[in-house]
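Only one structure is covered here, and it is reproduced in the block below.
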C-alpha cells in the first residue's frame, strides 16, 4: 500500500457529493430531533413515520447509494483520491520556530479515499442501513420505547454521520473529531434507557473509558502534528516527509503512534480498556449491533490500519517493531481473556460482546503482525516479502469486514430473539393490562425480574424462529472460522501470519499462541451460545411461547446471511490483496473461479509444511474441539413436535448425539475459583471501580477540602485576623481622656527623642 | 465616519441604565412591578440594538473595517476626547482584533442574559443593572487609555456587586463582599503598577497627549509604541528589574480576575450565590477581562518579562487547570462544580499564553471567546436547575430527562461543549493549546511531563461532567421522584424564554465549533501581528532558532 | 537681669510638669490647670526669647497667648459644668461611655 | 500669576482684598443682632418713658423664627463661598497684608482661597443641613420659656459656625506662625463648643470634653513648639523661618520645635497617635458638626502642616533622609493602617467614619512626606517644582472633594439621627427600601471614600498615589531612555508608602462595603419602617454632595486645574 505518491486529485461528479454522505445524516439528526420534540405522540408521527425511523431510512439509503457511487468511482480509478473537494481551512493559525517570521498552519477538512476507506465506507453505510431497517422492527414494537424513539433515530443518524465522517476524513485530526462524535452518540445511545441506573452508569463508563484512550490519542496526534506540521494523510504518509522525520525522531514517532494506539485500544475495547463494552449492552439491541459490534469498535482498528504507511515506510525500517509487538500482544491477550469470560456468560448479548472483543483482538493481532512484517521485511524491493506483507495486512482487514458483517447479523439475530422472548413473556404475564398507558408498561417492565436476555430463559428456539436461528448459525460459524464460511478466510490468515512472525521474532509466540488457543475458545463459546439458545428443549414456559419475528427484523438478517456466506467470493476476488494495496484491484490477478481455487489451495493445501499443519490444527481446534465440547455440554434435540429447517437439522441431531454420548459433569469447573473469577470479569472492573472510588474520588475530595480549608482558609484567616487586630486596635481607645492625653504625650516624646537622637 | 461609534456603545447602556433606575427609584413596590415588564422590553430592545451594531461592525457595515490585517498597536473606530488634560487622560477608544470579539461577545450576551432571566424578580431594577454591566464591560474592552480602562475595570464591580447582593442566593451577603473586596484588592495593586508605569515614561519622547501637569500620558497606544521602540532596540523596556516588578503587579490584578489558582476562591462563592444573569455575565465576559488585560498590557509592553516569567506562568496555568478540575471532581454542588470548571478553563488560557507561540495565544483568545459562549449556557442551566428544583445539589434531582427534557438536553449540550467535544466551540481552543504546548515543549526541550497535566484534565473534565450528568439527567428509574425540595409540587420544565436563550447559545456554540474561523481568523491575525511586530524582533533567538 | 536661658529652662520644666500632670491626673480641673501650666511655659519662653532677641513681638505673642489661655479656661469650665450636669463627675476616667 | 499687592492693615485695598472674610464678619454681627431684635424698650433712667430700641423683649415674628440664624449663617457662608468662586473666575489678585514694620501677617492668594473654599463650603453645607437638626418649636411669642431658650440657642450654634469659619480663614491666610495659631485656636474653640453643643445628652458633653481637653493639650504642646521656634529664630514669620532653616535648620532646637508644632496640627488632622479623641468626638457630636470636623477642621490642620513643612522646612529636606521626613513617613504609615484597622471592626457608623477619616489623614500625610522627598536625588528628581506642585495639587484636590463625600456621608447619618440615632450600623438597615435615594447617595459616598471609580474619591486617591509615585520615580523614565539603568531599589522609599496606601484602600473597602450591604440587604430595625422624617434642607445638601462627588469623578478637570493653580501659587522659591 502506499503512500501519497500514488494519490491523485480526481474531480469527478460523484466526488462532489461525497460530503453529503456525512452531511445528510447529520442534518437529519436535527430534523428528527426537532420533529420528534414537536410531534411526539402524534399518530402520524408514531405510526406512519415510525417516530423518525422512516426519515432516517431514506437518508441512510441515500448515504449508502452515494457511498456506492463513490466506491465504484474509486474502483475505476484504482488509486487513492485525496481532497476530493476544496479543503475547508477550518483553523488557521501560526507557530513560530524562532525564525524571522511565523509559519502559518492550517488544520483543514477534506475527504480522502483509498482502499481502506472504501472498504470501511461500504461496511459502515451498508450496516447502518440494515440496522436502521432492523431498528424499525425492533424499537417501534416495544412499548417502552414509545415516544422516545425519535431520540433513538436522531442519535442513530448522528452516529452514522460520525462513522462515515471518520472514514472519509482526510486527516487524523478529523478522524479524531468524528471519532469523538461517535463516542458522544454511543454515550447517548447506551444511556437510552436513562432511567435505569445501570444504563446511566454504563453510558458513563463507556464514555469515560474511551475518553481515557482518547486523551492518549490526542497527545499522540499532537506529537504527530509536531513531527510533520500537519495531520493530513497526504502529508504524513508522504515518503519524503517520513524520511525527514525518520532521520532524527523515529523514537518520538513510535511514541506518538503508540499513544494513538492507546486511543484505539479504548475505542475497540481491548485490554485493559475493555471494561466498557459488556456494560454497553445496556443500550437497545440495534445500538449494540451497530455501534458496539459492527462499526464504532472498528474505528480503533481503522486508526491502527491507517498507521500502516509508517510501518511500511522504508525510512523507518525496523524502527517500529516494538510497537507492532505491543499491538499484536494486546490483541492476543484480549482475544484469550475475552473468550474465556465469554465461556461463563449467560446473557446472550454479553456473550456476543465478549466475542466482539475477542474478534477485534484477532484483528489487532493481525494488524500487529502485518505491521511487524512491513516494518522488518524489505518489502518494497523483494517481491515475495511484498506478497507476505500485503496478504498479512489484507487478512486483518478482511477479518474486519467479515467480523463486522457477521457480528452485525449476530446482534440483530440476538436482538430478534430477545425481542420475541420479551414479547412472549409479556403476553404470558401481562395479558390483562396490555392496553394500559405506556407509563404502566414502562413500570412493569422493571418490576418483574424476568431477564429476556438470559440464555437460561431460552432453548429450542430453532423451530420457532427459523430465519433468526439460521442467521445466528451462519454468523457463529463465520466467527468460529468454520471452513469455507465467512471468517474462516481471514482468521486462518491471521493465525498463519502470527506464527510466521513468531518464527522471525520469538516475542511473537505470545500473540501467536493466544490466537491459536483463541480459535478453540471461540469455537466453544459461540457454539455454546447457539445450542443454549436454539437447541434442546425450551428451558421454561416463556421460551416455549416465543413466536416468529417481524419483517423489518427478518430482512436485514436475511441479507446479511448471504453476505456472510458469500465471503468466499470476495476472497476469490482477491480481497486480501485489494484491501491492502493500491496496486491490486478486484480480479486483477485471477478470474473469480481461479481466485477461489487459489484461495482453497492456499488454505487447505499449503505447500509449506509448517503452515499446512498449522491450518489443520487451527481448523481442528476451532471447528472440532470447541464446538464438540459445546455440543457435549449444551446440545440436544428439539422438543417433541418441533421441527427445524432442514439445514439446521444435522446440527441439532449431531448435538443431541454428542450430548447423549459425551455429556460430562462440568460443575467442578463451574464452581471453581477461576470460573467465578471469569464470571466476575476477572475482577478488573472491580479494581477499576475501587481505584475510582478510593484513589480518584478520595483524592479529589481531599483536594476540594484543601481548596476550601487551605487556600480559601488563608483568605478567611486574613479576614478574621484583621478583625481581631481591629478589636485590639480599638480596645486602645479606652474611653478615658487621660489615656488619650497619654497617647498625645507619648507621641510628643517619641518625636522629641527621635529628633533629639538624630539631630 | 463612524469612528465615534464606540462612544454610544459604552455610554448609552450606562446612561439608559441610570435613567431607568432613576425613573423607578422613588416608585413604590406596586408601580415597580407594573413597570418591570416595559423596562425589561426596553432593555432587551436596547441591548439587541447594541448587538445589531456590533454585528454590523463585524460584517463591515459600519466603517468598512476589516478586522484582519490590523497591525499591532493600531486600532479601528478609534477616537479621542480630552478628558482630564492635566494628567493626560483621554476618552480614548478603539478596537482591534483582540478587543472586538470581546465587545461582540458582550453585546451578544446581554440580550441572551435578559432573555434567559426573563422572569427575574424586581425586574424594574434588575434589567437596568444588567444593562449597566454591559456598558461597563464594553468600556473595559474599548478603552485605549489606562485611566479609562481602570475606571471601567472597577465600574464593572458595582453592578455585579448589586446583582449578587440583591438577587443572589442564601449566602449572597458574604459572597458579594468577598467578590468585591478580593478583586478590588488585586486591582488596586494593579493600579499602582499602572501609575508607576505611567511615570516611567520618558518625558523627552514626543507625546501628543501628554498631561499638562505631569508631562506624561495615559494613552495605551502611545505607551505601547514607546515600549515597542525601546524593546526592539534590544533593551528591556524600563530595565530588567523594573519591568519584572511592573509585570508582576499588572499580572496580579489580571490573574485574580481571571482567576488563577491560588487567587480563585472568590469565584466559586460569587458564582454559587450570584443570580443566573450575574453568573452568565460573570463567567461569560467578566473573567475574560483578566485575560484581555494580560494581552493588552503586560504582554504587549513587557515581552522580556513574559519570557522571564514564562515558567512561572506555565506553572500557574497548569496548577489552575489541574487543581480546578480535581476540585470539580470533589464537588457536590452543581454550580460550584461549574464555577471550578471555569477556573480550570481559565488555566488553559494561561497555558496558552505561557507557550509563547502565536498558536497558543490565538488559542487563548479563542478560548476566551468560546468559553464566553459556553459558560453562560452552563450557568443558565444551573440557574434553571436551581429555579425549578430549589436545590443545587447534584443528585437532588434525578431522571431529569423524563421530567424536564428541555433542561436535560440543554444541560447535556452545555456540559458536552464544556468538556471539549469536537465541533463545539471549546474543542478548537483546547486542541490548539495542546498543539502549541507540545510544539513549545519540543522546540525548547522542556520535559514531556508538562503534557501530563492537560492530558489528565481532559479525562478528569469528562469524569466530573459525566458523573454529574449521571446523577441528574439519568437515573431515577421507577422511583423517579420530584426532588424533596419541591415539596410535592409538579416538576416543571424550563420556560419558553429560557428555552430560547438555550437555543441561541447552543446555536452559537455549534456555529463557532464548526466554523471557528469566523472569530479565529481575526484572532490569529492579531497574534501573528503581535508576534511579528513585537515578540519576534525582540526575542528572535528565543527558541534557539530551531 | 535674669539670664533668658534660665527662664527658658524654667519654662521647659514647667512644660514637662504640665504635660506629665495632664496625663497622670484624672480630675478635669487639675488637667486644665496642667494645660495652663504648659501654656504658661510657652509664654515664659516667648518672654525669654523676646529678651534674648530684643524683639518686641515676643511680648505681643505672650499677651495673645494669655488671652487664648483665658478663653480656653472659660470654655473648659463651661464644658466641665455641662459634663457634671450629665455625668455627675468630672473624673476623666469615669466619663467613658464613648469608647472603642 | 498676578503681581503681589502689599496692603497695610485697614489701609487701602484692605476691604477689597479680604472681601469674603469681612462678609463673614458682617454676617456674624447680623447673626448676633438680628435674632435679638424685638419689642424691647429702654426706660430712660429716672423716668417711666420707655423708648423702643428694638433690642430684647418680645421678639418679632420674623426674628423669633428659629430658622433665622441658620438662614443667616448659611447665606453668609454661601455668599463668602460664592464670592471666592467669583474671585477665581475674575482672576485672583495676590495681596499681602503687611504691617508698617514689614511683618507680613496675611497673604491672599490662590492657595489660601482654595482652602477657604473648603472651609466655607463645608460649613455652609453643615449649617444648611443643621436647620432641621436642632430641636426647635415653631415661632412666635406663645412658646414656653424652655422652648424659647432652645430657639435662642440656635443663634449660638450658628455664631460658632461663623467664628469657626473666621478662624479657619485666618489660618488659611496667615503668614505668621503665631497668627496662624490664633486662627487655629479660634476655630478650635468654636469646634469644641459645637461638639459639646448637645449638652442634654451624656454622649454630647462627654465628646465635647474629650475633644476639648485632648485638643488643649495638643495645642499647648504646639504653642510650646512655637515658642521654641521663636526662641531660635527670633521671629515667627514664615519667610524668616524659611531663611533660617535654609541656613541652620539641622540643629535640634528648631527641629524639636517643629516636631512640637506638628503635634498641634497632628491633632487637628487626627493623625495617630493624636487621633484618639476624634472618634469619640465624632460619635458624640451631631452629624453635621462631625462632618465639619472631618473635612474643614482636618483641612485646616493639613493646611498648617503644609505651611510649616513646605514653606518652612522643605529646603532642609534635600538629602532625602531628613529627620522629619522619616518621622512623617512613619506617622503616615501608622496613621493609615491604624485608622483602617480600627474602622474594620467598628459597628458605629460615625466612629467608622471617624476612623476612616484617620485613614485618609494617613494618605494625606503620605503625600506630604512625598513632597518632602521631592529632591532626593538630583539626577532623577526632575523638575522638583512641578513634582511638588503635583503632590500639592493632589492634596488640595483630595481635601476639596472630601467635603463632598465625607460630609455627605455624615449628612446621611444626620437624617437618620433626626429619626432617633445613628450609633449602630443596624440603624442603616433597609435604607434602600425606605429611602432609595438616600441609600444610593450613601452608597456613592462609601465607594467614593473607598476610592472606586468613577467617583471623586477615586480621582483624588489616584492623584495622591500618582503624586507619591511621581516623586518616588522622578525622571527615571527619561534616564532609562537615555541609557541609565535603574532597579526597584532605586525607587525612593515613599513608593512603598504608595503601596501601603493601595493595600489600605483594599482593607478599607471591607468596612465601606459593609455599610452598603447593611443598607441594601438587611431589614430595618424594629420600629424604623417607612420613610425617614423629611427635611428638604439636609436632603438638598446631600444631593449637592452626590452631584459633586459624581461630577468631579467623571469631570474633575476644572477642579484639578483650580487646585493646580492654587498649588502653584504656594510656589515660593522651590
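Chains as they are written, first to last, in my numbering: chain A, 2 to 760; chain B, 579 to 1124; chain C, 2 to 101; chain D, 4 to 577.
C-beta: ideal position from N, C-alpha, C; glycine also.
Everything numeric in this text was worked out from a predicted model, so none of it was measured.
Check: Using the DSSP secondary-structure output, state which residues sit across from residue 40 of chain D in a beta bridge.; Outcome: D:58
Check: So, with DSSP's three-state summary, where would you put residue 440 of chain A?; Outcome: Annotation note: pLDDT 40 at residue 440 of chain A (below 50); position unreliable, no value reported.
Check: Look at the alpha carbon of residue 860 of chain B and the alpha carbon of residue 21 of chain A, and state the distance between them as a whole number of angstroms.; Outcome: 41 Å
Check: Taking only beta-carbon positions, decide if residue 770 of chain B is within less than 7 Å of chain D.; Outcome: yes
Check: Is any beta-carbon of chain D found at less than 7 Å from that of residue 1012 of chain B?; Outcome: no
Check: Which two residues bound the contiguous beta strand (DSSP E) that contains residue 109 of chain D?; Outcome: 107 to 111
Check: Can you tell me the Cα-Cα spacing of residue 863 of chain B and residue 947 of chain B, whole angstroms?; Outcome: 9 Å
Check: Give the range of the beta strand (DSSP E) segment to which residue 762 of chain A is assigned.; Outcome: It is not possible to answer for residue 762 of chain A, since the shown part of chain A is limited to 2 through 760.
Check: In three-state DSSP terms, what is residue 486 of chain A?; Outcome: coil
Check: Using a Cβ cut-off of 9 Å, pull out every chain B residue sitting near residue 95 of chain D, in sequence order please.; Outcome: Result: empty, since nearest Cβ-Cβ is about 18 Å, beyond 9 Å.
Check: Can you list the residues of chain A that residue 40 of chain C reaches, using a CB-CB cut of under 8 Å?; Outcome: Near residue 40 of chain C there are no residues of chain A at all, since even the closest Cβ is about 15 Å away, more than 8 Å.
Check: Take residue 878 of chain B and list the residues in its own chain whose beta-carbon comes closer than 6 Å to its own, dropping the five residues that flank it on each side.; Outcome: 802
Check: Does DSSP classify residue 645 of chain A as helix, strand or coil?; Outcome: coil
Check: Do residue 26 of chain D and residue 82 of chain D have their C-beta atoms within less than 7 Å of each other?; Outcome: yes
Check: Residues of the region 341 to 358 of chain D in Cβ contact with chain A at a cutoff of 7 Å, in chain order, please.; Outcome: 341, 344, 345, 347, 348, 349
Check: Of all the alpha helix (DSSP H) runs that stay within the bounds of the region 159 to 245 of chain D, which reach a length of 4 or more residues?; Outcome: 180 to 198, 205 to 236
Check: Can you find the residues in the same chain that come closer than 7 Å, C-beta to C-beta, to residue 128 of chain A, ignoring five residues on each side of it along the sequence?; Outcome: 291, 295, 296, 405, 409
Check: In its own chain, which residues sit with a C-beta less than 7 Å from the C-beta of residue 195 of chain A, not counting the 5 before and 5 after it?; Outcome: 201
Check: Verify whether the separation of the beta carbon atoms of residue 220 of chain D and residue 36 of chain C is less than 7 Å.; Outcome: yes
Check: Return helix, strand or coil for residue 270 of chain D, following the three-state DSSP convention.; Outcome: helix
Check: CB residue 774 of chain B to CB residue 785 of chain B, shorter than 7 Å?; Outcome: no
Check: With distances taken Cα to Cα, identify the nearest neighbour of residue 4 of chain C among C:54, C:82, C:77, C:91.; Outcome: C:54
Check: Please give me, in chain order, every unbroken run of the alpha helix (DSSP H) with length at least 4 that falls completely inside the region 716 to 760 of chain B.; Outcome: 724 to 733, 735 to 745
Check: Three-state secondary structure (DSSP) at residue 673 of chain B?; Outcome: strand
Check: Since residue 514 of chain D meets chain C, which of its residues come closer than 8 Å, beta carbon to beta carbon?; Outcome: Simply none; closest approach about 14 Å.
Check: Check whether the Cβ atoms of residue 420 of chain D and residue 535 of chain D sit closer than 7 Å, and answer yes or no.; Outcome: no
Check: Can you pull the DSSP bridge partners for residue 20 of chain C?; Outcome: Its beta-bridge partners do not exist; DSSP assigns none.
Check: What residue does the alpha helix (DSSP H) around residue 7 of chain D start on, and which one ends it?; Outcome: Looking at the DSSP string, residue 7 of chain D is not in any alpha helix (DSSP H); the run it does join, the beta strand (DSSP E), is 7 to 10.
Check: Under 7 Å, Cβ to Cβ, is there at least one residue of chain E near residue 220 of chain D?; Outcome: Judged by its chain identifiers, the structure shown contains no chain E, and its protein chains are A, B, C and D.
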